[in-house]
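J.:
Number of protein chains: 2
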Amino acid sequence: MKMKNLAFICVLLLSILSLNSTVEARIRHYRWEVKYEFKSPDCYRKLVITVNGRSPGPTILAQQGDTIVVDLKNSLLTENVAIHWHGIRQIGTPWADGTEGVTQCPILPGDTFRYKFVVDRAGTYLYHAHYGMQREAGLYGSIRVALPAGESEPFSYDYDRSIILNDWYHKSTYEQSAGLSSIPFVWVGDPQSLLIQGRGRFNCSTPGIAAGLCNATNLECSPYVFTVVPGKTYRLRIRSLTALAALSFEIEGHNMTVVEADGHYVEPFVVNNLFIYSGETYSVLVTANQDPSRNYWAVTKMVSRNNTTPNGLAIFNYYPNHPSKSPPTVPPSGPFWNDIEARVNQSLALKSHPGYIHPVPQTSDRMIILLNTQNRINGSVKWSINNVSFTLPHTPYLISLKQNLLHTFDQTPPPDIINGYEKYDINVVAPNVNATSSNSLYRLKFNTTVDIILQNANTMNVNNSETHPWHLHGHDFWVLGYGNGKFNVSQDPKRYNLVNPIMKNTVPVHLYGWTALRFVADNPGVWAFHCHIESHFYMGMGAVFEEGVEKVTKLPSSIMGCGDTKRFIRP
Amino acid sequence: MKMKNLAFICVLLLSILSLNSTVEARIRHYRWEVKYEFKSPDCYRKLVITVNGRSPGPTILAQQGDTIVVDLKNSLLTENVAIHWHGIRQIGTPWADGTEGVTQCPILPGDTFRYKFVVDRAGTYLYHAHYGMQREAGLYGSIRVALPAGESEPFSYDYDRSIILNDWYHKSTYEQSAGLSSIPFVWVGDPQSLLIQGRGRFNCSTPGIAAGLCNATNLECSPYVFTVVPGKTYRLRIRSLTALAALSFEIEGHNMTVVEADGHYVEPFVVNNLFIYSGETYSVLVTANQDPSRNYWAVTKMVSRNNTTPNGLAIFNYYPNHPSKSPPTVPPSGPFWNDIEARVNQSLALKSHPGYIHPVPQTSDRMIILLNTQNRINGSVKWSINNVSFTLPHTPYLISLKQNLLHTFDQTPPPDIINGYEKYDINVVAPNVNATSSNSLYRLKFNTTVDIILQNANTMNVNNSETHPWHLHGHDFWVLGYGNGKFNVSQDPKRYNLVNPIMKNTVPVHLYGWTALRFVADNPGVWAFHCHIESHFYMGMGAVFEEGVEKVTKLPSSIMGCGDTKRFIRP
Chain A
10 MKMKNLAFIC
20 VLLLSILSLN
30 STVEARIRHY
40 RWEVKYEFKS
50 PDCYRKLVIT
60 VNGRSPGPTI
70 LAQQGDTIVV
80 DLKNSLLTEN
90 VAIHWHGIRQ
100 IGTPWADGTE
110 GVTQCPILPG
120 DTFRYKFVVD
130 RAGTYLYHAH
140 YGMQREAGLY
150 GSIRVALPAG
160 ESEPFSYDYD
170 RSIILNDWYH
180 KSTYEQSAGL
190 SSIPFVWVGD
200 PQSLLIQGRG
210 RFNCSTPGIA
220 AGLCNATNLE
230 CSPYVFTVVP
240 GKTYRLRIRS
250 LTALAALSFE
260 IEGHNMTVVE
270 ADGHYVEPFV
280 VNNLFIYSGE
290 TYSVLVTANQ
300 DPSRNYWAVT
310 KMVSRNNTTP
320 NGLAIFNYYP
330 NHPSKSPPTV
340 PPSGPFWNDI
350 EARVNQSLAL
360 KSHPGYIHPV
370 PQTSDRMIIL
380 LNTQNRINGS
390 VKWSINNVSF
400 TLPHTPYLIS
410 LKQNLLHTFD
420 QTPPPDIING
430 YEKYDINVVA
440 PNVNATSSNS
450 LYRLKFNTTV
460 DIILQNANTM
470 NVNNSETHPW
480 HLHGHDFWVL
490 GYGNGKFNVS
500 QDPKRYNLVN
510 PIMKNTVPVH
520 LYGWTALRFV
530 ADNPGVWAFH
540 CHIESHFYMG
550 MGAVFEEGVE
560 KVTKLPSSIM
570 GCGDTKRFIR
580 P
Chain B
10 MKMKNLAFIC
20 VLLLSILSLN
30 STVEARIRHY
40 RWEVKYEFKS
50 PDCYRKLVIT
60 VNGRSPGPTI
70 LAQQGDTIVV
80 DLKNSLLTEN
90 VAIHWHGIRQ
100 IGTPWADGTE
110 GVTQCPILPG
120 DTFRYKFVVD
130 RAGTYLYHAH
140 YGMQREAGLY
150 GSIRVALPAG
160 ESEPFSYDYD
170 RSIILNDWYH
180 KSTYEQSAGL
190 SSIPFVWVGD
200 PQSLLIQGRG
210 RFNCSTPGIA
220 AGLCNATNLE
230 CSPYVFTVVP
240 GKTYRLRIRS
250 LTALAALSFE
260 IEGHNMTVVE
270 ADGHYVEPFV
280 VNNLFIYSGE
290 TYSVLVTANQ
300 DPSRNYWAVT
310 KMVSRNNTTP
320 NGLAIFNYYP
330 NHPSKSPPTV
340 PPSGPFWNDI
350 EARVNQSLAL
360 KSHPGYIHPV
370 PQTSDRMIIL
380 LNTQNRINGS
390 VKWSINNVSF
400 TLPHTPYLIS
410 LKQNLLHTFD
420 QTPPPDIING
430 YEKYDINVVA
440 PNVNATSSNS
450 LYRLKFNTTV
460 DIILQNANTM
470 NVNNSETHPW
480 HLHGHDFWVL
490 GYGNGKFNVS
500 QDPKRYNLVN
510 PIMKNTVPVH
520 LYGWTALRFV
530 ADNPGVWAFH
540 CHIESHFYMG
550 MGAVFEEGVE
560 KVTKLPSSIM
570 GCGDTKRFIR
580 P
């Protein structure tokens, strides 16, 4: 046989094989249009960024191994956009992560951008804008990935239901971000309301609300109704995409069994209320085993900060009671906002399900201690990590690194540990006079094991520390441990859970405490790691990791067009 | 002499020559940063787009023949930008006109775009954003081009002063544009205040204003002060960049002699008040010849629409009186808003200065009658021209035409006259059922003479017609005449002023009337022609002319990167 014929047969064979895999793993094709519309999610009318007219946007429903294709049309007037697929690791498609400045240029008005990626693991995920502070303007939604046919979860339920929790501001994201950048600093304050699946309730009688802006009878702000059949068990997938708030969620009179966190099965444990931080997802099982003659309240409450935000309410409706029938009881008031112990205990309770343990490497190659501080730089209030307040470059790192445009960002890497760590007192207001702004990144050696210690500290206010939920793109990490006070490099690693740590993509660092994570730098690309509080990331609370970028195949030109990549325009 | 030496000498000679020309025509280099800041131009605090921290932005001061270089850095968070140099014809530099969708792609956040063009004629000009509705957000300023050394104007004065008039809304441009696109249509209503050189005064005691937003003692909203020395004569350059309002401007007790309009010398005439429409500029001479012991009011008033907007006030301050000394009189109340005759009379009074007549071609090659109507298209309220509501393409025409990307816009040209023009009744509400939206353009034969008849009509409201100031990019046009009612194709041209018509770049079409213009299509490029009311252009009240695009030299790649030009990205 001639070589030519052999080659032809090979091509034929490959075609058949790829056809075959197409049959097994479906392509789920979505066409989305992003635009501004007036909405009243909490009865107060404001501009909201919608997907196909909705906020939250359409839910992506897929099966493990499917390819998701989203053709995203930007119909905003003058604003660009980018969408991140939160919890999807983008293995082999680092350019589809949707992180403006890191993995792509923003999508211009009028453009249609194609996101194409594989959802390679069943679980509960999210999507949201990852550009400026657009997430807070309402551009967010759910991803639910089912197991392949024939596989089953290590728990059982009758129905699968999804909600997203959120907090809601009446000021526009422009006003908020301009305030954060102002000298003196202008802070937007507490959210006006908490939303459950896009619905909340602001008190329209609040003084100072202009006429016509708030309408308590608007159907858009009628409470979300979660209808259940008595006796049945529900898998409730709960996600948080708050701008700021740490939340507690509970269903009056019903326990919840936690079974999944960020796409990983949990050694089940029972809670009365679930603490959930921005960027986290959980599945809980709840059985409709209470008096079926009435409805019950579902409640979200803002915790961790002393606040004025009223609790968010939904109705847990026992069929066949009328869905709008108000429960006869006062809604549960939830845990005290400052009960830090309860929150830490939940963090400690999270372990991998025994049947689904991903063995954790017993040692690591590198330890990076990220000290989270708040301080002033040139008069502006910033968050800094090891005295570096993170800023995004205007040429996305992924492109800069692949195309050798290294002048587009600061080449001095940020430190693995802050100078003077031993003497740093996390319990007092520290001036951090050496803090600077930089868009430098951490370069990780491919396939090495990296430990990250998130170290919390006092803010610029006396006796104040805040909870920060950190989210890692492109990876899940093992959560090795939590501790109070300052991390002790020689002693604390001895207390790591190296047996059955849960894997997550988002984890809180508690007040004045530390959180230890481990991951293997085995996903070629450039990955953001940042506090998921929208304003905190805007103010510099983030970092970026590069790993194996030399293994990334040819970048699609669709992600280019901004910053220094404009030089690639050759008509 | 060797060839090498000869070449060296040539280079040397050329260098000296170019150095010489640099001395005669200077390069004026500006570095501007565009960003959002909180400002209180009328005492009410809102987000404003500033240039180098100011709104109005810095004034460009140049001499005829100078080259202006503006390095514009976009420091908005998620929004693009583009700036138009209003009144500058961009001869030889059509790509520098700053009209998003027509001559360039928008400038992305983080990018610095270089505008470079020659100001080839002395006069009073403007600059402003030409993207979405950003002009209304405060991105605007003045251009003043002086005569070459040794030349002088046909009038004399002691001092040269500049102001820009504007109207001001408290709602953001996002809210306004989303309202205009909504079904049902949401109209923002009358402006909250009128600004003189960026300063106005909103009544902070207005009910429904949230606490802390309005501060009557803020220095930003203290009245603009125009200080004069008794007996001296001032050239006052007056520009309007209102979003909506037609204005009257007057200085209590002082006559004004109109001497310049849109960069052209006028046969001088005296007015008590000057009517000025958005996009127009005038120079008036005013002599400080009144009782010098007191100050006087300068007043802008919204006319042509019945409105609730309070008059804008500034202080005409006779030195050495204290600038903040309030005039002892009640400010003049200005002309009646509906005194259309006075406005038409001013239009008719505008003639070219006898010593500066640009001879008008006595015949034209083509006549285009643009019928301005308001109607619904698919439920949305639109403005249409000959039943075509204009939309901008996402690939700028200039690039599409040069690079042969003709699929990026509708290739069916809009009509030169509406079908059924003879029977069209401009005095009634017409359904205009054939109206459609389109991004098609008019292609003009190079160097031909084109007549444009702007024909006004009734809006969607009974007994209502509105004034529209139309602005042409890339050209000045001769204003041949104005008339009441419907233009008569056979009779009205006989009444044209073909002797001393003024040349302008912006002209009103009065209620139920017509305005006839003539220009020579001799400036290779693609030029927008549109109603200068920000919301009207957004709603489709515009057209675009192409002429001699084949003569345009190589386009700079800096204007590319959006729409179909993304295909030019080849890393």
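Chains as they are written, first to last, in this note's numbering: chain A, 10 to 580; chain B, 10 to 580.
From the three backbone atoms N, C-alpha and C, an ideal C-beta is built for every residue, glycine too.
Just so it is clear, the structure is predicted and the values come from calculations on it, not from any experiment.
#1: List the residues of chain B that E88 of chain A touches, going by C-beta distances under 7 Å, in chain order.
#2: What three-state label does DSSP hand R35 of chain A in the structure shown?
#3: Hey, out of B:E556, B:P405, B:H362, B:S181, whose CA is closest to E162 of chain B's CA?
#4: Assign V353 of chain B to one of three DSSP states: helix, strand, or coil.
#5: I need the boundaries of the alpha helix (DSSP H) containing T102 of chain B, first residue and last residue.
#6: At the level of alpha carbons, what is the spacing between D80 of chain A and N465 of chain B?
#7: Give the interface partners of Q143 of chain A over in chain B, defined as CB-CB distance under 7 Å, in chain order.
#8: Going by the CB atoms, is the gap between T296 of chain B and Y243 of chain B shorter than 9 Å?
#9: Spatial neighbours of Y365 of chain B within its chain, please: C-beta separation below 8 Å, excluding the five flanking residues on both sides.
#10: Of the residues that make up the segment 374–390 of chain B, which ones have a beta carbon closer than 7 Å to any beta carbon in chain A?
#11: Which one or two residues does DSSP pair with P517 of chain A in a beta bridge?
#12: At which residue ranges does the segment 132–176 of chain B contain complete alpha helix (DSSP H) runs of 4 or more residues, listed in the order of the chain?
#13: Can you say whether I568 of chain A is buried or exposed, counting buried as having 16 or more other CB atoms within 10 angstroms of its CB?
#14: Determine the extent of the beta strand (DSSP E) in which T182 of chain A is found, giving its start and end residues.
#15: Which residues does DSSP list as the beta-bridge partners of S393 of chain B?
#16: For E109 of chain B, count neighbouring C-beta atoms within 10 Å of its own C-beta (all shown protein chains included) and say buried if the count is 16 or more, exposed if not.
#17: Tell me the DSSP secondary structure of I377 of chain A in three-state form.
#18: Spatial neighbours of S171 of chain A within its chain, please: CB distance less than 7 Å, with the 5 preceding and 5 following residues excluded, ordered by chain position.
#19: Secondary structure at Y53 of chain A, three-state DSSP: helix, strand or coil?
#20: Give the straight-line distance between the Cα atoms of G321 of chain B and E184 of chain A, rounded to the nearest whole angstrom.
#21: Could you confirm whether any beta carbon from chain B is found closer than 9 Å to the beta carbon of T574 of chain A?
#22: Are the segment 460–475 of chain B and the segment 518–535 of chain B touching by the rule of at least three beta carbon pairs closer than 8 Å?
#23: Just list the alpha helix (DSSP H) runs in the segment 178–254 of chain A, keeping only unbroken ones of 4 residues or longer that don't cross its boundaries, in chain order.
#24: Taking the alpha-carbon of T400 of chain B as reference, which of B:S249, B:H545, B:S64, B:T458 has the nearest alpha-carbon?
#25: Using a cut-off of 9 Å between C-beta atoms, extract the partners of I578 of chain B located in chain A.
#26: Using the rule of at least 16 other Cβ atoms within 10 Å of the residue's Cβ for burial, across every protein chain shown, is S165 of chain A buried or exposed?
#27: Report the option in A:D425, A:N354, A:L414, A:P510 whose CA atom is closest to the CA atom of L379 of chain A.
#28: Could you compute how far the alpha carbon of P216 of chain B sits from the alpha carbon of L222 of chain B?
#29: Would you mind sorting A1 of chain B into buried or exposed? The rule is 16 or more other CB atoms within 10 Å of its CB.
#30: Note down, in chain order, all residues in the segment 44–58 of chain A with a beta-carbon under 7 Å from any beta-carbon belonging to chain B.
#31: Show which residues of chain A have a CB atom less than 8 Å away from the CB atom of S64 of chain B.
#32: Closer than 8 Å is the cut-off here; do at least three beta carbon pairs connect the segment 508–518 of chain B with the segment 478–487 of chain B?
#33: I'd like to check one pair, V561 of chain A with P277 of chain A: are the Cβ atoms closer than 9 Å?
#34: Is it the case that the Cβ atoms of I73 of chain A and A155 of chain A are separated by a distance below 9 Å?
#35: Using a Cβ-Cβ distance under 9 Å, would A225 of chain A count as near chain B?
T.: Reading from the atomic positions:
#1: For the purposes of this step, residue 88 of chain A is identified with residue 79 of the first sequence, where counting begins at 1. Chain B residues near E88 of chain A: T87, E88.
#2: The residue labelled residue 35 of chain A in the question sits at position 26 within the first sequence. DSSP places R35 of chain A in coil when its eight states are reduced to three.
#3: Position 153 of the second sequence, counted from the first residue, corresponds to residue 162 of chain B. Checked all of B:E556, B:P405, B:H362, B:S181; the closest Cα to E162 of chain B is B:H362.
#4: Against the second sequence, residue 353 of chain B aligns to sequence position 344. Three-state result, V353 of chain B: helix.
#5: If you number the second sequence from 1, residue 102 of chain B lands on position 93. No alpha helix (DSSP H) contains T102 of chain B, which DSSP labels as neither H nor E.
#6: On the first sequence, position 71 is the one that residue 80 of chain A refers to. On the second sequence, position 456 is the one that residue 465 of chain B refers to. Near 42 Å, if we compare the C-alpha coordinates of N465 of chain B and D80 of chain A.
#7: Sequence index remark: in the first sequence, residue 143 of chain A carries index 134 (1-based). T87, listed in chain order.
#8: The residue given as residue 243 of chain B occupies position 234 in the second sequence. The residue given as residue 296 of chain B occupies position 287 in the second sequence. Taking 9 Å as the cut-off, the beta carbon of Y243 of chain B is found closer than this to the beta carbon of T296 of chain B.
#9: Translated into the one-based positions of the second sequence, residue 365 of chain B becomes position 356. Result list for Y365 of chain B: P163, H273, Y274, in chain order.
#10: none
#11: As a first step, residue 517 of chain A is located in the first sequence; it is residue number 508 there, counting from the start. According to DSSP, P517 of chain A bridges with A:P478.
#12: Runs of the alpha helix (DSSP H) lying entirely within the segment 132–176 of chain B, each at least 4 residues long, are absent.
#13: On the first sequence, position 559 is the one that residue 568 of chain A refers to. By the C-beta density criterion, I568 of chain A is buried, having at least 16 other C-beta atoms within 10 angstroms.
#14: Here the question's residue 182 of chain A lines up with position 173 in the first sequence. T182 of chain A -> not in any beta strand (DSSP E); alpha helix (DSSP H) instead, spanning 182–190.
#15: One-based indexing of the second sequence puts residue 393 of chain B at position 384. Partner residues in the beta bridge of S393 of chain B, as assigned by DSSP, are B:T382.
#16: Position 100 of the second sequence, counted from the first residue, corresponds to residue 109 of chain B. The residue is buried, with at least 16 neighbouring Cβ atoms inside 10 Å.
#17: The sequence position of residue 377 of chain A within the first sequence is 368, counting from 1. I377 of chain A: strand per DSSP, three-state reduction.
#18: Residue numbering aside, residue 171 of chain A sits at position 162 when the first sequence is read from its first letter. Same-chain partners within the cutoff: T68, S151, R153, R246.
#19: Counting from 1 along the first sequence, the entry for residue 53 of chain A is found at position 44. Strand at Y53 of chain A.
#20: Taking the second sequence and counting its residues from 1, the one referred to as residue 321 of chain B is at position 312. Taking the first sequence and counting its residues from 1, the one referred to as residue 184 of chain A is at position 175. The straight-line gap from Cα to Cα measures roughly 27 Å.
#21: Here residue 574 of chain A refers to the residue found at position 565 of the first sequence. For T574 of chain A, the answer is yes, since a Cβ of chain B falls inside 9 Å of its Cβ.
#22: yes
#23: 182–190
#24: Here residue 400 of chain B refers to the residue found at position 391 of the second sequence. Nearest C-alpha to T400 of chain B: B:H545.
#25: Translated into positions along the second sequence, residue 578 of chain B becomes position 569. What I578 of chain B touches in chain A: S566, S567, M569, G570, T574, K575, F577, I578, R579.
#26: For the purposes of this step, residue 165 of chain A is taken as residue 156 along the first sequence, with counting starting at 1. So S165 of chain A ends up on the exposed side.
#27: The count along the first sequence starts at 1 and reaches residue 379 of chain A at position 370. Per the Cα distances, A:D425.
#28: The residue labelled residue 216 of chain B in the question sits at position 207 within the second sequence. The residue labelled residue 222 of chain B in the question sits at position 213 within the second sequence. If I take the Cα positions, the gap works out to 12 Å.
#29: As displayed, chain B neither begins before 10 nor continues past 580, which places residue 1 of chain B out of reach and without an answer.
#30: Y45, E46, F47, L56
#31: In the second sequence, the residue the question calls residue 64 of chain B occupies position 55. Per Cβ cutoff of 8 Å: no residues; S64 of chain B is ~14 Å from chain A at best.
#32: yes
#33: Here residue 277 of chain A corresponds to residue number 268 of the first sequence, with the count starting at 1. Here residue 561 of chain A corresponds to residue number 552 of the first sequence, with the count starting at 1. Cβ atoms of P277 of chain A and V561 of chain A: not closer than 9 Å.
#34: For this step, residue 73 of chain A is matched to residue 64 along the first sequence. For this step, residue 155 of chain A is matched to residue 146 along the first sequence. It is Gln, not Ile, that sits at residue 73 of chain A in the sequence shown. Cβ distance < 9 Å, so Q73 of chain A and A155 of chain A count as in contact.
#35: Position 216 of the first sequence, counted from the start, is the residue given in the question as residue 225 of chain A. No, because no Cβ of chain B sits closer than 9 Å to the Cβ of A225 of chain A.
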